[in-house]
Amino acid sequence: MCGLSRGTPARAGIGLRAPHVDEILVTRPGLGWLEVHAENYMDGGPALAMLEALRQDYPLSLHGVGLSLGSAEGLNLEHLARLHALADRLAPCLVSEHLAWSLSGGVYLNHLLPLPWTDETLVVVSDNVRRAQDRLGRRLLVENPSSYLRFLVSPIPEGEFMAELTRRTGCGVLCDVNNLVVSAANVGLEPLAYLNALPADAVGEIHLAGHAENDADGVTVLIDDHGSRVRPAVWDLYEAALARFGSVPTLIEWDTDLPPLAVLQEEAAAAERRLEPSRGAGHHALAG
Amino acid sequence: MLSLADLQRGMTAALLGADAEVVRMAVAPDGLDPRARLGIYRHHVRTSLTAVLKDAYPVVCRLVDDRFFGYAADAYIRDEPPTEPRLFAYGGGFADFLAGFPPCHGLPYLPDVARLEWALHTASHAPAVRAPDGPALAGALETLIRDERTRIVFAVDPSVRYLVSPHPVDRIWRANQPDADPEASVVLDGESVHLEVRRARDQAGFRSLPLGEWTLRARLAGGRSLEDAAAEALSADGELNLAGALGALFNEGLLVDFTLTPIREETRPC
């Protein structure tokens, strides 16, 4: 039933958002798979019952936004237990979280906050990822963040940090291509070097989304708002990622100014067109 | 160099509005003042949490307008930031906050409107339960012996909440729905309201109840024994038809299960 493991033809899916649920329940459009934010379904209410109905027809990916894998104080074990219970109930094909933090001193800040890429951070995140994987009893995919700042003391390139994290914990990578473009513009990350640094067989999912361009005191800052179509630069980098990683399940994310479902389907179809030629291809390093 | 824990503590303070120089010093400018870079994160934290509150409290927002709501939300977020990632659970203290927020003192009904909205919000997120089997429950109750019947504690539908207010919050709420008549006004007549909030067919709603019925239901939902709840309901309304009120609880599927309170020590047989 689940076609999302490596070696299985990968498809494009969409992030499931509440305003689209009724239409999907009625029309059952031909989408490769659906991804949901885990925290929205942790109440046991009607939304969870709806999701259980949808998962009969669509492979499901569970995307956590609140585990705070980068918290120096460790994971919130109650929250980890809730994620575990939800994953047990929904049996998703993929479970993913973020290389970021949002919890400190008992305060949850509702943002994927930046980390300094240091040896200390690597130890903290590795411990947290191991603990999460042990509890969940499965491999976690960890997503690269979009950044609006970098720390002065941050000696490890982010791509190498992520690669080392996969080696230490056995976790996989959710490669958010839009985040790479955003971070490249905002903090000088080098996207192709990043893609080359990642172990190709660890990449289990790709995210695509739109971003906004804002002016901050005369400086252009890209904002990862998931509020528009995928930009050309992101499509270009996506093609490079597919050339590097081969065929990988790909998600269209859209969170603000949500358009009709048909627009997300068009974006998913555009990803499918690019996925098709890469099926069966091997892994290659990229020039650049 | 800051430890990761210190950096995160400092950044948490900065994102909630404190001036955290130690964090600014740790951020690379890259052509933009670190204050502005931290401001991007701070803006997102503030706007996303304000949106969460606005989603739970649309009538409060309409009553005070968007701008004032943002101002109050900002202060609330600083005072009581979320403590965990389930955002549907964030904002339960907003009514009490508004009650103590001096700029809101001219609107004495506002905290109770917020309490009604929170009850509706949490009712819509309450765990789903299978519809109770009324006849089976009634049959199980009939098998109890007389002494046991006084010790019944019911489990009620988890989406049910009971509120009382000295203000007509039900009418205020209805007059501030998107489809309400914009010319309609609500008379603040000082009559108290007793409300039952419940989710039905995936939609949370509420209704007003007479004092006796409300007392019976509210006490049962609060975990009081049937005997205690009935006594209180009769004391609140001597005219209450207790048998009819109890029958309605079964007919409406409000009662989902029951347990017996332990026998009190002094009444236990030797």
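So the protein sequences, as listed, match chains E and X. All you need for the numbering used here is the position in the first sequence, starting with 1, plus 1077. Numbering-wise, the numbering used here puts 208 at position 211 of the second sequence, and it's gapless, one number per residue. Backbone N, C-alpha and C fix where the C-beta goes; we use that ideal spot for every residue, glycine too.
Does the beta-carbon of residue i have 16 or more other beta-carbons within 10 angstroms, so that it is buried, or is it exposed?
| i | result |
| --- | --- |
| residue 1162(E) | exposed |
| residue 1226(E) | buried |
| residue 1079(E) | With a pLDDT of 44 at residue 1079(E), under the threshold of 50, the predicted position of this residue should be treated as unreliable, though the coordinate-derived value follows. Counting Cβ neighbours within 10 Å, residue 1079(E) comes out exposed, since fewer than 16 surround it. |
| residue 1153(E) | buried |
| residue 1103(E) | exposed |
| residue 156(X) | buried |
| residue 92(X) | buried |
| residue 1297(E) | exposed |
| residue 102(X) | exposed |
| residue 1116(E) | buried |
| residue 184(X) | exposed |
| residue 1291(E) | exposed |
| residue 1085(E) | Because the pLDDT of residue 1085(E) is 39, which lies under 50, any placement of that residue in the model is unreliable, and the question is left without a value. |
| residue 1169(E) | buried |
| residue 1198(E) | buried |
| residue 1253(E) | buried |
| residue 167(X) | buried |
| residue 1218(E) | buried |
| residue 238(X) | exposed |
Listing by chain order, which chain E residues have their CB less than 9 Å from the CB of residue i?
| i | result |
| --- | --- |
| residue 35(X) | 1225, 1226 |
| residue 89(X) | Within 9 Å Cβ-Cβ: nothing; residue 89(X) doesn't reach chain E, min ~13 Å. |
| residue 153(X) | Chain E residues near residue 153(X): none, gap ~16 Å exceeds 9 Å. |
Residue range of the alpha helix (DSSP H) that residue i falls in?
| i | result |
| --- | --- |
| residue 205(X) | Looking at the DSSP string, residue 205(X) is not in any alpha helix (DSSP H); the run it does join, the beta strand (DSSP E), is 200 to 205. |
| residue 94(X) | 91 to 96 |
| residue 146(X) | 143 to 146 |
| residue 1101(E) | 1098 to 1104 |
| residue 1197(E) | 1196 to 1213 |
| residue 1353(E) | 1338 to 1355 |
| residue 166(X) | 166 to 172 |
| residue 8(X) | 1 to 12 |
Am I right that residue i and residue j are in contact with their C-beta atoms under 8 Å? What's the rounded C-beta distance?
| i | j | result |
| --- | --- | --- |
| residue 1235(E) | residue 1221(E) | 7 Å |
| residue 1171(E) | residue 1145(E) | Their Cβ separation, rounded to whole angstroms, is 19 Å, which puts residue 1171(E) and residue 1145(E) out of contact at 8 Å. |
| residue 247(X) | residue 131(X) | 5 Å |
| residue 1347(E) | residue 1327(E) | 10 Å between Cβ atoms; not a contact. |
| residue 5(X) | residue 1148(E) | 7 Å |
| residue 1299(E) | residue 1259(E) | 4 Å |
| residue 1136(E) | residue 1195(E) | 37 Å between Cβ atoms; not a contact. |
| residue 1191(E) | residue 1224(E) | 5 Å |
| residue 232(X) | residue 147(X) | 17 Å between Cβ atoms; not a contact. |
| residue 1092(E) | residue 1108(E) | No, residue 1092(E) and residue 1108(E) are not in contact; Cβ-Cβ is about 11 Å, not under 8 Å. |
| residue 1285(E) | residue 1255(E) | 6 Å |
| residue 1187(E) | residue 79(X) | 6 Å |
| residue 1131(E) | residue 1167(E) | Going by Cβ atoms, the distance from residue 1131(E) to residue 1167(E) rounds to 10 Å, so no, they are not a contact pair. |
Taking Cβ-Cβ distances shorter than 8 Å, what residues in chain E pair up with residue i?
| i | result |
| --- | --- |
| residue 118(X) | Per Cβ cutoff of 8 Å: no residues; residue 118(X) is ~11 Å from chain E at best. |
| residue 47(X) | What residue 47(X) touches in chain E: nothing, since even the nearest Cβ is about 11 Å away. |
| residue 17(X) | Ordered by position in chain E, no residue passes the 8 Å Cβ test against residue 17(X), which lies about 12 Å from the chain. |
| residue 24(X) | 1226, 1227, 1228, 1229 |
At 8 Å on the CB atoms, spell out the chain X contacts of residue i, in chain order.
| i | result |
| --- | --- |
| residue 1185(E) | 78, 79, 80, 81, 82 |
| residue 1331(E) | Here the premise fails: no neighbours, minimum Cβ distance about 16 Å. |
| residue 1131(E) | Ordered by position in chain X, no residue passes the 8 Å Cβ test against residue 1131(E), which lies about 15 Å from the chain. |
Given that residue i touches chain B, what residues does it touch there, using C-beta distances under 8 Å?
| i | result |
| --- | --- |
| residue 194(X) | Of the chains in the structure shown, none is chain B; the protein chains are E and X. |
So with CB distances below 7 Å, who are the chain E contacts of residue i?
| i | result |
| --- | --- |
| residue 41(X) | 1188 |
| residue 9(X) | 1181, 1182, 1184, 1186 |
| residue 12(X) | 1186 |
Residues of chain X with CB closer than 7 Å to the CB of residue i, please, in chain order.
| i | result |
| --- | --- |
| residue 1119(E) | 83 |
| residue 1305(E) | In chain order: nothing, as chain X lies at least about 17 Å away. |
| residue 1178(E) | 5 |
| residue 1201(E) | 1 |
| residue 1143(E) | 82 |
Check for me: the beta strand (DSSP E) holding residue i runs from which residue to which?
| i | result |
| --- | --- |
| residue 1379(E) | This structure leaves residue 1379(E) out entirely; chain E is present only between 1078 and 1365. |
| residue 1327(E) | 1327 to 1329 |
| residue 1090(E) | 1089 to 1092 |
| residue 160(X) | 158 to 162 |
| residue 1218(E) | 1218 to 1220 |
Could you work out which residues of chain X lie near residue i, taking near to mean beta carbons separated by less than 9 Å?
| i | result |
| --- | --- |
| residue 1156(E) | 81, 82, 83 |
| residue 1198(E) | 1 |
Just list the alpha helix (DSSP H) runs in the region 186 to 256 of chain X, keeping only unbroken ones of 4 residues or longer that don't cross its boundaries, in chain order.
Those alpha helix (DSSP H) runs which fall completely within the region 186 to 256 of chain X and span 4+ residues are 208 to 218, 223 to 233, 239 to 248.
Quick one: which unbroken alpha helix (DSSP H) runs of 4-plus residues sit fully inside the region 15 to 78 of chain X? Chain order, please.
Runs of the alpha helix (DSSP H) inside the region 15 to 78 of chain X: 18 to 21, 31 to 53, 55 to 61, 63 to 76.
Starting from the N-terminal side, write out each stretch of the beta strand (DSSP E) that is 3 residues or longer and does not extend beyond the region 1240 to 1313 of chain E.
Taking only runs of at least 3 residues, the beta strand (DSSP E) segments lying wholly in the region 1240 to 1313 of chain E are 1249 to 1253, 1280 to 1285, 1289 to 1293, 1296 to 1300.
Whole alpha helix (DSSP H) elements within the region 1113 to 1138 of chain E, 4-residue minimum:
Listed in chain order, the alpha helix (DSSP H) elements of length 4 or more contained wholly in the region 1113 to 1138 of chain E are 1123 to 1131.
Could you name each continuous beta strand (DSSP E) segment of 3 residues or more that falls completely within the region 1143 to 1181 of chain E, going from the start of the chain to the end?
Those beta strand (DSSP E) runs which fall completely within the region 1143 to 1181 of chain E and span 3+ residues are 1171 to 1175, 1178 to 1181.
Output the residue ranges of the alpha helix (DSSP H) runs that lie fully inside the region 102 to 155 of chain X and measure 4 residues or longer, sorted by chain position.
Uninterrupted alpha helix (DSSP H) stretches at least 4 residues long and entirely within the region 102 to 155 of chain X occur at 107 to 121, 131 to 139, 143 to 146, given in chain order.
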